[in-house]
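Notes follow once the structure below has been shown.
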Amino acid sequence: MSPRDLVPVLDALPDGVVVLDAEGRVEQISAEASRILELSRDAMAGKPVERLLGADHAVARLARAALGAGGTSLESDCPVPQRFGPALMVEVATAPLFGDDGGRIGAVVALRDRMLARQLSHVVSGRERLAAFGRIAAG
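Read in order, the letters of the sequence shown are residues 3 to 141 in my numbering.
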């Protein structure tokens, strides 16, 4: 399976996903990751992970750790600046990718939009309250 074959799979996930090669260059970026990062697939293909949000951002820091001797990492409430509007708060998770021989062949970065999760939670809570009021009114 080629990396291009993964695009529909990555795009079906609710979290943003960035796949890096062993040198830390972007191999694939999902539609959700493109939305969160405000970057296109074509613009980021082959670029180093540091070009996403800067070398000091959690995305680059955790990705470099996963590419090195580190394992899976998670950091919550990482701000991702947006061109128009407030920064998105995201959860960043990284993990190394291993080849058939057990050697590291890259890393995967998962981005979860915490703002979106909070908004969905509020919508669900509002619907649950309305349903409860309906049950009370119905007797």
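Beta carbons are placed, not taken as given, at the ideal position from N, Cα and C, and that holds for glycine.
These numbers come from a predicted model, not from an experiment.
- Looking at the backbone, the Cα of V21 and that of E52 are separated by about 13 Å.
- For G101, the closest of A109, A95 and P81 by C-alpha to C-alpha distance is A109.
- Rounded to the nearest whole angstrom, the CA to CA distance from L90 to A140 is 41 Å.
- Here the alpha carbon of A62 sits roughly 51 Å from the alpha carbon of I138.
- In the structure shown, A67 adopts helical secondary structure according to DSSP, grouped into three states.
- Per DSSP, L15 lies in no alpha helix (DSSP H) segment and is marked neither H nor E.
- Restricting attention to alpha helix (DSSP H) runs no shorter than 4 residues, the stretch 17 to 52 encloses them at 33 to 39 and 43 to 46, ordered along the chain.
- Boundaries of the beta strand (DSSP E) harbouring G108: R106 to D115, taken from the DSSP string.
- Residue environment analysis places E34 among the buried positions, since at least 16 neighbouring C-beta atoms fall within 10 angstroms of its C-beta.
- Ranked by how close their Cα comes to the Cα of R114, the residues P16, L12, V9 and V11 have P16 in first place.
- Exclusion of the five residues before and after A24 leaves L69, R106, I107 and G108 as the residues of its chain whose Cβ lies within less than 8 Å of its Cβ.
- Per the coordinates, the alpha-carbon of V11 lies some 11 Å from the alpha-carbon of Q30.
- The secondary-structure analysis by DSSP pairs A140 with nothing; it has no beta-bridge partner.
- Rounded to the nearest whole angstrom, the CA to CA distance from L54 to P81 is 13 Å.
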